[in-house]
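**Student:**
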Ligand SMILES: Cc1ncc(COP(=O)(O)O)c(C=O)c1O
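Numbering (our numbering), first residue to last: 22 to 420.
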């Protein structure tokens, strides 16, 4: 019998997504129009956000959010090295600078104490360089948003507001007593990349309650234009007239992708419930394995990814050898994340950030493996993942 293999991820689509795409094609309007505006309204209503702006990726959304919050030459953001590189690179695209705070000892979340150290120095040196803090809700587990928003308030001055921009690439849907992820800071930026909890292949959404930020991001999303193509097509005013208020970007999400997003959005809670079943099975199966540390799980965890850490003191193999053994047995794995200071460009540009200065990020990076987790994973596949992890763990256990 052929060996059962378990893909790292597979999106959950059915006839409804296909029909929605065909309807857009048949309509003759492929770019941003009514379907995208409907998607934005539905996303805003789902998350409780005042504004939702569809964009063609989280990366585009992050650049727009940082631009609106004042990132430019002479200004900087605080974020974590434990993220996908685009979170930090967005500041560099705008000519801004990046400060890295360490993550917490027992989670992948940015550490408020480490953030405060950077804010304090910025204040004492009278630099006021920092204009945004960018927490990243790794794997769907939320950062300490109450502490982070308090710090932003504490260190803001009348001339230099410090904004909080949530990187929500992993945290949809994520409910807390204070609201959903993406509404807990000033701006939230979501991703609909191919492996995310809902997907349009490529895509993203920005949420905010701030009218001025929403206005700026709406215009900068489309060349700095004061009217989009749908408005020019449907309004009474002359279709060819528009103004350009700044050199903007081209970051809009087309209707053909928003159509997929609208269908996926309706299924977001169902997908979450299905992932949760696998998570509960993993947690129960691994809880007594002393060579593993299970993922952190706080309020509102969206469970986008299941990250395990191996305990090197209990095993005769490295994380890389453990990961390779899983792959050899047909288990699709990934690694979230290679810490940013380990990349050659970043090491050269910011030599002050490294394994010694960011010890928690480094130890998490050294020991983490991401296991398969997706809505339509069968119980047999989840069982195979558990059996294989345990087989390798027991074979490699120190005696
Ligand atoms: C934490 C995090 N931030 C940002 C991004 C960038 O998302 P996108 O591919 O939609 O630009 C990703 C994507 O993998 C991510 O995991």
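Backbone N, C-alpha and C fix where the C-beta goes; we use that ideal spot for every residue, glycine too.
Starting from the C-beta of residue 426, find all residues in its chain whose C-beta is less than 7 Å away, skip the five residues before and the five after it, and write them out in chain order.
**Tutor:** Because the chain here runs from 22 to 420, residue 426 falls outside it and cannot be looked at.
**Student:** Using DSSP with H/G/I as helix, E/B as strand and the rest coil, what is residue 356?
**Tutor:** Mapped onto the chain shown, residue 356 falls at position 335. Here residue 356 sits in coil by DSSP.
**Student:** Considering only heavy atoms of ligand 1, does any lie closer than 7 Å to the CB of residue 155?
**Tutor:** What you label residue 155 is simply residue 134 of the chain shown in a count that begins at 1. No - ligand 1 has no heavy atom lying nearer than 7 Å to the Cβ of residue 155.
**Student:** Answer yes or no: the CB of residue 30 versus the heavy atoms of ligand 1, is any distance below 7 Å?
**Tutor:** Mapped onto the chain shown, residue 30 falls at position 9. It does not: the Cβ of residue 30 is nowhere closer than 7 Å to a heavy atom of ligand 1.
**Student:** Bridge partners for residue 330 per DSSP, in chain order?
**Tutor:** Locating residue 330 in the chain shown gives position 309, where the first residue counts as 1. In DSSP, residue 330 forms a bridge with 314, 389.
**Student:** Tell me which same chain residues have a C-beta within less than 6 Å of the C-beta of residue 106, skipping the five on either side of it?
**Tutor:** The residue labelled residue 106 in the question sits at position 85 within the chain shown. Cβ within range, chain order: 361.
**Student:** Quick check for students: name the residue ranges of the alpha helix (DSSP H) that lie wholly in the segment 164 to 198, counting only runs of 4 or more.
**Tutor:** Within the segment 164 to 198, the complete alpha helix (DSSP H) runs of at least 4 residues are 166 to 176.
**Student:** If you check the beta carbons only, do residue 236 and residue 52 fall under 8 Å apart?
**Tutor:** One-based indexing of the chain shown puts residue 236 at position 215. One-based indexing of the chain shown puts residue 52 at position 31. Contact: no.
**Student:** With respect to the beta strand (DSSP E) encompassing residue 212, which residues constitute its N-terminal and C-terminal limits?
**Tutor:** Translated into the one-based positions of the chain shown, residue 212 becomes position 191. Per DSSP, residue 212 belongs to the beta strand (DSSP E) from 208 to 212.
**Student:** Grab me the residues of residue 78's own chain with a C-beta within less than 6 Å of its C-beta, minus the 5 sequence neighbours each way, in chain order.
**Tutor:** Taking the first residue of the chain shown as position 1, residue 78 is located at position 57. The answer, listed in chain order, is 223, 225.
**Student:** Please determine whether the Cβ atom of residue 58 lies at a distance below 7 Å from any heavy atom of ligand 1.
**Tutor:** The residue labelled residue 58 in the question sits at position 37 within the chain shown. The answer is no for residue 58.
**Student:** According to DSSP, is residue 98 part of a helix, a strand, or is it coil?
**Tutor:** The count along the chain shown starts at 1 and reaches residue 98 at position 77. Strand.
**Student:** Which residue or residues does DSSP assign as beta-bridge partners of residue 154?
**Tutor:** Here residue 154 is taken as the residue at index 133 of the chain shown, counted from 1. According to DSSP, residue 154 bridges with 99, 185.
**Student:** Starting from the C-beta of residue 306, find all residues in its chain whose C-beta is less than 7 Å away, skip the five residues before and the five after it, and write them out in chain order.
**Tutor:** Reading the chain shown from its first residue, position 285 is the one you call residue 306. Cβ neighbours of residue 306 beyond the five flanking positions: 407.
**Student:** Less than 7 Å between C-beta atoms, sequence neighbours within five positions excluded: which residues of the same chain meet that for residue 201?
**Tutor:** Taking the first residue of the chain shown as 1, we reach residue 201 at position 180. Excluding residues within five positions, the ones whose Cβ falls inside 7 Å are 68, 69, 194, 195.
**Student:** Near residue 146, which residues of its chain fall below 7 Å by C-beta distance, leaving aside the five closest residues on each side in sequence?
**Tutor:** As a position in the chain shown, residue 146 is number 125, starting the count at 1. Counting only Cβ-Cβ distances below 7 Å, and skipping sequence neighbours, we find nothing.
**Student:** Where does residue 426 land, buried or exposed, given buried means 16+ other C-beta within 10 angstroms?
**Tutor:** Not covered by the structure: residue 426. The range shown for the chain is 22 to 420.
**Student:** Along the beta strand (DSSP E) that carries residue 225, what are the first and last residues, could you check?
**Tutor:** Within the chain shown, the letter at position 204 stands for residue 225. Taken as a continuous stretch (DSSP letters only), the beta strand (DSSP E) holding residue 225 covers 225 to 229.
**Student:** Quick one: residues with CB closer than 6 Å to any heavy atom of ligand 1, in chain order, please.
**Tutor:** With the cut-off at 6 Å, the residues found are 78, 79, 80, 104, 105, 107, 108, 157, 188, 190, 191, 212, 214, 225.
**Student:** With DSSP collapsed to three states, give me the class of residue 29.
**Tutor:** Here residue 29 refers to the residue found at position 8 of the chain shown. Residue 29: coil per DSSP, three-state reduction.
**Student:** Do you know how far the Cα of residue 55 is from the Cα of residue 229?
**Tutor:** Residue 229 sits at position 208 when you count from the first residue of the chain shown. Residue 55 sits at position 34 when you count from the first residue of the chain shown. Taking the straight line joining both Cα atoms gives about 21 Å.
**Student:** Determine the DSSP secondary structure at residue 273, reduced to helix, strand or coil.
**Tutor:** On the chain shown, residue 273 is found 252 positions in, with the first residue counted as 1. Strand at residue 273.
**Student:** At the level of alpha carbons, what is the spacing between residue 50 and residue 241?
**Tutor:** By 1-based counting over the chain shown, the position of residue 50 is 29. By 1-based counting over the chain shown, the position of residue 241 is 220. Their Cα atoms are separated by approximately 22 Å.
**Student:** With C-beta atoms as the reference, is residue 330 less than 8 Å away from residue 385?
**Tutor:** Counting from one through the chain shown, the residue named residue 330 turns up at place 309. Counting from one through the chain shown, the residue named residue 385 turns up at place 364. Going by C-beta atoms, residue 330 is nearer than 8 Å to residue 385.
**Student:** Assuming the contact rule is C-beta atoms closer than 8 Å, residue 154 and residue 84 should be a hit. Round their C-beta distance to whole Å, please.
**Tutor:** As a working mapping, residue 154 is identified with position 133 in the chain shown. As a working mapping, residue 84 is identified with position 63 in the chain shown. Residue 154 to residue 84, Cβ: 17 Å. No contact.
**Student:** Quick one: Cα of residue 31 to Cα of residue 397, how far?
**Tutor:** Indexing the chain shown from 1 puts residue 31 at position 10. Indexing the chain shown from 1 puts residue 397 at position 376. The straight-line gap from Cα to Cα measures roughly 8 Å.
**Student:** Can you tell me whether residue 254 is buried or exposed, with buried defined as 16 or more other CB within 10 angstroms of its CB?
**Tutor:** Position 233 of the chain shown holds residue 254. Exposed: under 16 other Cβ atoms inside 10 Å.
**Student:** How about residue 158 and residue 132: are their beta carbons less than 8 Å apart?
**Tutor:** In the chain shown, residue 158 corresponds to position 137, counting from 1. In the chain shown, residue 132 corresponds to position 111, counting from 1. In this structure, residue 132 does not lie closer than 8 Å to residue 158 by Cβ.
**Student:** When the Cα atoms are used, what is the spatial distance from residue 338 to residue 409?
**Tutor:** Here the question's residue 338 lines up with position 317 in the chain shown. Here the question's residue 409 lines up with position 388 in the chain shown. Looking at the two C-alpha atoms, the distance is approximately 15 Å.
**Student:** Can you tell which of 173, 215, 311 has the C-alpha that lies nearest to the C-alpha of residue 139?
**Tutor:** Residue 139 sits at position 118 when you count from the first residue of the chain shown. The shortest Cα separation from residue 139 among 173, 215, 311 belongs to 173.
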